[in-house]
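> Going by numbering that gives the first Met the number 0, the residue at position 168 of the sequence shown is 167; the numbering climbs one at a time, nothing skipped.
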Amino acid sequence: MRLFNRITLRTPESVELEFTLAGIGNRALALAIDYLIWGIILALVFTCWAIASTQFPILQGNAPRQWIAAIAFLLGFAVYVGYFVYFETLWQGQTPGKRWTKIRVIREDGRPTGLQQAALRALLRPVDDLFSIGAWCIMLGAKEKRLGDWVAGTLVIQEDRLVAAANFPLSKEAQAIADRLLVTTNIAALIPDDFAVIREYLQRRKVMESNAKLKLSRQLAQQVQNIIELEGSMSGITDDVFLEAIYLAYQQQSN
Numbered sequence: 000m001r002l003f004n005r006i007t008l009r010t011p012e013s014v015e016l017e018f019t020l021a022g023i024g025n026r027a028l029a030l031a032i033d034y035l036i037w038g039i040i041l042a043l044v045f046t047c048w049a050i051a052s053t054q055f056p057i058l059q060g061n062a063p064r065q066w067i068a069a070i071a072f073l074l075g076f077a078v079y080v081g082y083f084v085y086f087e088t089l090w091q092g093q094t095p096g097k098r099w100t101k102i103r104v105i106r107e108d109g110r111p112t113g114l115q116q117a118a119l120r121a122l123l124r125p126v127d128d129l130f131s132i133g134a135w136c137i138m139l140g141a142k143e144k145r146l147g148d149w150v151a152g153t154l155v156i157q158e159d160r161l162v163a164a165a166n167f168p169l170s171k172e173a174q175a176i177a178d179r180l181l182v183t184t185n186i187a188a189l190i191p192d193d194f195a196v197i198r199e200y201l202q203r204r205k206v207m208e209s210n211a212k213l214k215l216s217r218q219l220a221q222q223v224q225n226i227i228e229l230e231g232s233m234s235g236i237t238d239d240v241f242l243e244a245i246y247l248a249y250q251q252q253s254n
């Protein structure tokens, strides 16, 4: 018996990953934190707007006040949507509330969310909040999706995962390379989903067909190099050893 639902996704690299869904409690707490921060930001924006509007006598009539109210409403909605779009895009599926509760939004194939997914989720959030429609969808749906998740093709998962000891062999040179990568690259840019894909590959590589293994290891190595902003090539190092080093480096920076 599990307190949280689990789901298995297949990545574009044909690797299966198992995730724990965030659950209604974690999502509600994250949203409460986000709304608190958003409310503070909105109060500051409206205070500045009110002060600025009093400086112009032409804005004191009834008609201008209606325009001011309309502009204030649009400004509030822009801050509302912009808050979630900004953080979920910049922080790869997290907001301050989600980061505090250690949950994250991902796509249905396990990849991080982008601007499109964040915008769709934010635009539909007012509909989800209406009569708690989103909460009912999360509680009653097997994948715990609100309307914004269905339209954007996203899931909300728990980010906190135990990093288990390797149950597969690692080369001797991998640790030395890992130490170097921690100093020269941005290992922190890797998210748990990236680490899970690498770990899954390292666990299954022995039973993979040779050509498929070479193709997948090259693809993963190139993707990781772009993420960690590795300049130049790792000459004399195979893709497998490089991925082993990334596996070790990620564990070290997470501890």
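The beta carbon of each residue, even a glycine, is placed where N, CA and C say it ideally should be.
Quick one, are the C-beta atoms of L265 and A141 less than 7 Å apart?
Lying before the first or after the last residue shown, residue 265 is absent from the chain, which here runs from 0 to 254.
> Exposed or buried, which one is S216 when buried takes at least 16 other CB atoms within 10 Å?
As a working note, residue 216 is residue 217 in the sequence shown. So S216 counts as buried.
> State whether the region 35-49 contacts the region 185-198, with contact taken as three or more CB pairs (one from each stretch) at a distance under 8 Å.
Contact fails: fewer than three Cβ-Cβ distances are below 8 Å.
> Output the boundary residues of the beta strand (DSSP E) element that contains L169.
Locating residue 169 in the sequence shown gives position 170, where the first residue counts as 1. That residue, L169, is in no beta strand (DSSP E); it is neither H nor E in DSSP.
> Mind checking who T19 pairs with in its DSSP beta bridge?
Stepping through the sequence shown from its first residue, residue 19 is reached at position 20. Paired residues: R5.
> Hey, is L247's beta-carbon within less than 7 Å of any beta-carbon in chain D?
The chain inventory of the structure shown lacks chain D, comprising one protein chain alone.
> Distance check for K214 and A248, CA to CA, integer angstroms please.
Taking the first residue of the sequence shown as 1, we reach residue 248 at position 249. Taking the first residue of the sequence shown as 1, we reach residue 214 at position 215. C-alpha separation (whole angstroms): 23 Å.
> With a CB to CB cut of under 6 Å and the five nearest residues on each side skipped, what residues in its chain are close to W99?
Within the sequence shown, the letter at position 100 stands for residue 99. I32, listed in sequence order.
> Distance check for T112 and S209, CA to CA, integer angstroms please.
Here the question's residue 209 lines up with position 210 in the sequence shown. Here the question's residue 112 lines up with position 113 in the sequence shown. Roughly 32 Å separates the two Cα atoms.
> What are the start and end residues of the beta strand (DSSP E) that includes R262?
Here the chain comprises residues numbered 0 to 254, so residue 262 is not present and cannot be evaluated.
> Identify the continuous alpha helix (DSSP H) that holds R198 and give its terminal residues.
By 1-based counting over the sequence shown, the position of residue 198 is 199. R198 -> alpha helix (DSSP H) spans 191-203.
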